[in-house]
Amino acid sequence: MVEERGNMKSESVALLPVSTECERVCVFGTGDIGRSLGLRLIQAGYSVIFGSRQPQTCNFLPNGAQVLGHVEAAQTAHLIFVAVQREHYDFLVPLANQLEGKVLVDLSNNLKKNQYPEANAEYLQSLVPGAEVVKGFNTLSAWTLQNGPSDANRQVYICGDRLEAKQEVLAVATRMGFSALDQGSLSKSRDLEDFPLQLFPLWRLPMRIATGLTAALFFYLLIRDILHAYITQSKDISFRVMVSLANKVCPIVSLVMLALCYLPGVLASFLQLYRGTKYRPFPDWLDRWMLCRKQLGLLALGFAFLHVLYTVIMPIRYHVRFWATERTVALIRQNRTNEFSTSAAWHSDSYLSFGILGFGLYVLLGITSLPSVSNALSWREFSFVQSKLGHLTLLLCTIHTYLYGGIRFLNASMYKWYSPPGYMLSLVVPTVVLLLKLFLLTPCVDRTISRIRQGWERGVNKRKNKMIKTVV
Amino acid sequence: MVEERGNMKSESVALLPVSTECERVCVFGTGDIGRSLGLRLIQAGYSVIFGSRQPQTCNFLPNGAQVLGHVEAAQTAHLIFVAVQREHYDFLVPLANQLEGKVLVDLSNNLKKNQYPEANAEYLQSLVPGAEVVKGFNTLSAWTLQNGPSDANRQVYICGDRLEAKQEVLAVATRMGFSALDQGSLSKSRDLEDFPLQLFPLWRLPMRIATGLTAALFFYLLIRDILHAYITQSKDISFRVMVSLANKVCPIVSLVMLALCYLPGVLASFLQLYRGTKYRPFPDWLDRWMLCRKQLGLLALGFAFLHVLYTVIMPIRYHVRFWATERTVALIRQNRTNEFSTSAAWHSDSYLSFGILGFGLYVLLGITSLPSVSNALSWREFSFVQSKLGHLTLLLCTIHTYLYGGIRFLNASMYKWYSPPGYMLSLVVPTVVLLLKLFLLTPCVDRTISRIRQGWERGVNKRKNKMIKTVV
Amino acid sequence: MVEERGNMKSESVALLPVSTECERVCVFGTGDIGRSLGLRLIQAGYSVIFGSRQPQTCNFLPNGAQVLGHVEAAQTAHLIFVAVQREHYDFLVPLANQLEGKVLVDLSNNLKKNQYPEANAEYLQSLVPGAEVVKGFNTLSAWTLQNGPSDANRQVYICGDRLEAKQEVLAVATRMGFSALDQGSLSKSRDLEDFPLQLFPLWRLPMRIATGLTAALFFYLLIRDILHAYITQSKDISFRVMVSLANKVCPIVSLVMLALCYLPGVLASFLQLYRGTKYRPFPDWLDRWMLCRKQLGLLALGFAFLHVLYTVIMPIRYHVRFWATERTVALIRQNRTNEFSTSAAWHSDSYLSFGILGFGLYVLLGITSLPSVSNALSWREFSFVQSKLGHLTLLLCTIHTYLYGGIRFLNASMYKWYSPPGYMLSLVVPTVVLLLKLFLLTPCVDRTISRIRQGWERGVNKRKNKMIKTVV
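Dropping the structure here:
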């Protein structure tokens, strides 16, 4: 029995490599970030020693951690996290001896870009040349460190000059549940330090496009609809700015941006078709454009949503209710009869119905682009939704707009000051995209594209082609 | 000091088991999948050797990987990932000696089902009988491999004939952050290879039900509402197809499908009640039905959403505006007075209000079924929302429909060609579900169900019962 | 060659520490939880021995698991999961010898709070005093155990009296992919056992506020709008309860709750400003309030959504259509002329437009608070959306309400029975919040707040201050 328990004991040790002596890491700094990092390290099974100038005054440290002075702490571990603000790095200079050969992970961030001439991590390396500085973990908030990685906060970026040091940090990150990506040498620190200062980088281009389009259309329609009436008929219809104008700008911006969201994919296909290979990289502008398609689409959905709201509250507007009454009153006073027009009914019901179906699919696209939903889709399902349903949405919304216009384009009075009405402007890009897509879908073009996507290259002789395919 | 650093060194090694010699894996194939897999393996701490026919021409390989010829690469590792298309497997035949006893992981996929007589993995095994082939990882896209597992892309399925080989693959998958599921022997490869070719498998049955219901109702209402008017009164109201008809089909399909979403749960309770135990499996059709309840509910929500849109744009329709004016004109010309009917006001406001509340809950159910939201709920919270609030939604929507109908069912003119109006059809299934549920909620039935759910079995004698509960 | 294969063999073993003898765990209980836990353990690479009273009758066990009698099973492993209901714990008493020194993990839950005088884990410890009981894993459902951890189901809470025992459990949890949090000594078991019985704990306070506000406003408006008309003019407008009243209650509750969602943040800033430091904890009520801001905001969004629905169906209501006709008829019969009022058009269009924009942002806030979306945001992005856009939403909605009211507040007839109309009530809290926020945004106040947030303390002398910052 005793022997058996002895075995059990050794089993328990084997089961618990986490508590062995050597798995010790040191954290300099007992602020929010230091404490949160320490907590996460402990929960990943490391034993954590905090280094502090005044160890006896440190409170709120995570359960199970030890606090020592900087010198003593530095001696206990090979890996030291430096969770201290750059301004206080000078305390490390007298520790140079203890830090010789150690791996120092610089977690610091700045308050704004280009705050200092060199990156914090490079400054740290210059202060302690004997240590191996690795930049990393700075993109995580204290909150993420405390609560552990979640889907979107799983990436940790590191960079540094020595591979072994990076490997060591990487192993710790992996055990904490993060997924660390090596970004290269320490000269990349500046990029990593700028990262948390970014605000919606992928949304910037789409936001600029949306703002530009909205402003341009607003002034175009302001002049065409409101100033024109004021100047030629002295009518003050300025109140239309609030709803009528907004309800013209929103759908136009929405439709154009939806088309812009599918245009780069079509252009990319044409480029591949023209080059006869998928192995040459796209031009930079096309790459950037393709990367922000999701954001373009979501902004477009936002404008479509406003369009729907602006449309459904129309019957509540004083303006609309007033003229409805006026029309009835005029009909009676002038003793006219109104004839029901089946074609007008068809027209009104059709463009409304296409708009509703288009918006329904639009919302579906938006929902499937939620991270948790798109993660749940297989690649084939995602591409089905975003490509097939996406183009269908564009088609329905374009038909909605054509039907809305109807045969009005034949009417010369529509072209006030020789300018086309807004809805016509909105049709240019979608029509082009749909026609190009239609061309790509013709069987013989489609076949060529598919072969290119599977690795076929035009003009590559059979032997070489075979070799490339073999090593795929 | 020197000694201390020596210790430090050994510490570092202990901390870094990942870089030790034996943790080497080999990847055959340097295409998208091979490169992405290699990147993920390196980031999980493995050292990766790529095997290629022309090692010197391989570009874009992940940082830190080595490339060797196939023969040399095969000798470096016990575990070899084969990321090569099936058509090129024959290059493995001359390597048979080097592959003897190795574990080969087949990652390949096909372009369509039943492309080849036997599964790729079985074909691979037949080519290299001395190796131990494991099928796996083929359900992951290159994108997932590059970016690491996320909630929905965490599952990796493997199958193979030797347990040790599978264990080895499983350990690698786990360290890469995936969660591997053993699907059995190599004969299951066909299933795994078919998996990525599936398109929304769980949505298929609900989509068929929705399509079938929509088509049937469309023709029923087309005949009843539009053809009937054309034949009996020669009136052309075909324009109603676009909005009026759509706005009848949508709510009916939505309500029926919502009811169908709660019917299997009720049937399952009755079955358990009848059998007196929860330990006998449900019939296959009921299992399949229960598995697609979420999809049924979400499709129902889609139809409800369209119904709401079709309803709120009603006052904008030409048809509706025309007849509103006509009614006013007729009132005046005939010098009639309209009397305000409080009961009509109650009726109209009630069904609208119930509809709005029902739709509000409907949307709430939809939101809680988003993966990230339902993951955040405890099991008790999820079942509260989906069961309690779900049945409440069904109740509200059913009342909405009953109120909408009102006492019209007494009116013989409603039954054109002896057929009931659409809304009546929509009430059958929800009423049945609600009545059955009501029965299940009666105290004595509810108590029995609860006991069955806790493991009690009718007719099981006390001794045996106690034993079963003990081992639970 | 032979030697090489020998090396390979040892490689494989090194690569596969998971299958070594010592990584064995035992699970008592073969019910849903036991089987699911066993499956997860096997998939994490452990070898699992089930302990059962009647090992030969156990079915449905996960592939690769072994079943033994309790005595034999207990001897195989140092770590034993007890997945048995508390009522059957007595079977452990005769096993005391085998369990001596073992770690017993109690997974049990109860059906209601305070079902037993002491926590299950404490009861288990009292039955087997020689074992080391750790409470844990009880917050996971069988479903989560089968499918592995996902973002929201990654946390595992454990507590126990011996650190080593907890470390051992923690290591197993980590390898299963969970993130275990040590909650302290075994006396905390009661809390852990109560946890799964909670139902939306963070939603409780916001739900109470919403219910209270809704009820109070409902009765206030019932008396003011409906009873007043009935008593002073004998008019029965009770039907207004269904839509008109609901459409007054919803926007008021929504606006007040949105303001309540931003009030605690403003109060906290004032408190920090007054105290001159961020290092003193907030009062308890403020902490609790701040913790449920998200829930307050989401409930407010729900009410806003209902308000939008109630508003857009207005033109469909019998009541609204009737009076629209009546007004036209009266106009003609009395031969009056209606004058178009540009200011009325401005007024109606403005409040609608502000409402729409406010609701658009409201929905955006709601979407960004979905777990998967907010996880994808950096901390700076999240705070931009929730703070900047949040206050903008509050501003837009408050302007919407002010514009809706317009100059009606000058009209004495609005104050039926000396009580103000509902919309005025709704403006109090938002106005206060916005004014306080405006004060906080003035440059000099803003600067002080920023310094406090960065750790500056009023009245702390420079030396001490510097020290604190150093150790941050």
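Chains as they are written, first to last, in my numbering: chain A, -9 to 462; chain B, -9 to 462; chain C, -9 to 462. Positions of the beta carbon are idealized from the N, C-alpha and C atoms, including for glycine.
In the DSSP assignment, A:G28 falls within the unbroken alpha helix (DSSP H) covering D22 to Q33.
Between B:T388 and B:L424, the C-beta spacing is below 8 Å. Closest in alpha carbon position to C:L114, among C:K92, C:S131, C:K103 and C:K102, is C:K92. Counting only the Cα atoms, B:L299 lies some 21 Å from B:S228. For A:F50, the number of other beta carbons within 10 angstroms of its own is below 16, and it is reported as exposed. Chain B has a Cβ within less than 8 Å of the Cβ of C:Y300.
Membership of A:V422 in the alpha helix (DSSP H) is indicated by the continuous run G412 to L431. If you keep only unbroken beta strand (DSSP E) runs of at least 3 residues inside the region 138 to 199 of chain B, you get 145 to 150 and 169 to 172.
Judged by beta-carbon spacing, C:L29 lies beyond the 8 Å limit of C:P45, meaning their Cβ atoms are not closer than that value. Residues of the region 330 to 343 of chain A that bring their beta carbon within less than 8 Å of a beta carbon in chain B comprise F330, S331, T332, A334, A335, W336, H337, S338, D339, S340, L342 and S343, in sequence order. The beta carbon of B:A205 does not come within 8 Å of any beta carbon belonging to chain C, so the residue lies off that interface.
Taking the C-beta atoms as reference points, B:Y106 is found nearer than 8 Å to B:R76. Comparing C-alpha distances from B:V146 to each of C:A34, C:C240, C:I221 and C:W446 shows the shortest one belongs to C:A34. Nearest neighbour of C:I70 by Cα position, chosen from C:N104, C:K156 and C:G380, turns out to be C:K156. Here the region 108 to 128 of chain B lies against the region 78 to 88 of chain B, with 3 or more beta-carbon pairs under 8 Å apart. Of all residues in the region 252 to 263 of chain B, none comes within less than 9 Å of chain C when Cβ atoms are compared. In the DSSP assignment, B:C251 falls within the unbroken alpha helix (DSSP H) covering A236 to R265. Against chain C, a Cβ distance below 9 Å from B:D172 picks out I32, Q33, N53 and G54.
Against A:N328, the close residues of chain B are F312, T315, E316 and V319, in the order they occur along the chain (beta-carbon pairs closer than 9 Å).
In this structure, C:A249 sits away from C:F272, with a CB-CB distance that is not shorter than 8 Å. DSSP places C:S98 outside both helix and strand once states are collapsed to three, so it counts as coil.
Between the beta-carbon of B:V302 and that of C:V302 there is about 4 Å, and that keeps the pair under the 8 Å contact cut.
In the DSSP annotation of this structure, the continuous segment of the beta strand (DSSP E) that includes A:V17 starts and ends at R14 to F18.
Taking 8 Å as the CB threshold, A:H218 stays off the interface with chain C.
In terms of Cβ geometry, B:G287 and B:C240 do not form a close pair [threshold 8 Å]. By the neighbour-count definition (other C-beta atoms within 10 Å, threshold 16), C:W279 is a buried residue.
Only L360, P361 and S362 from the region 352 to 370 of chain B bring a Cβ to less than 7 Å from some Cβ of chain A. Counting the other Cβ atoms within 10 Å of the Cβ of A:L296 gives 16 or more, which makes it buried. DSSP links C:I39 through a beta bridge to C:C16 and C:Q56.
Put simply, the backbone Cα of B:F293 is about 41 Å away from that of C:S331. Within chain A, no residue has its CB atom less than 9 Å from the CB of C:I213, the nearest being about 27 Å off. Three or more Cβ pairs closer than 8 Å define a contact, and the region 215 to 232 of chain A meets that threshold against the region 331 to 343 of chain C. For C:I242, the closest alpha carbon among the candidates C:Y394, C:W193, C:G167 and C:R370 is that of C:Y394. If you draw a 10 Å sphere on the C-beta of B:D96, you find 16 or more other C-beta atoms in it, and that means buried. Judged by beta-carbon spacing, B:V233 lies beyond the 8 Å limit of A:D274, meaning their Cβ atoms are not closer than that value. Identification of chain B residues near C:H309 by a Cβ-Cβ cut-off of 9 Å yields F330, A334, A335, S338 and D339, ordered along the chain.
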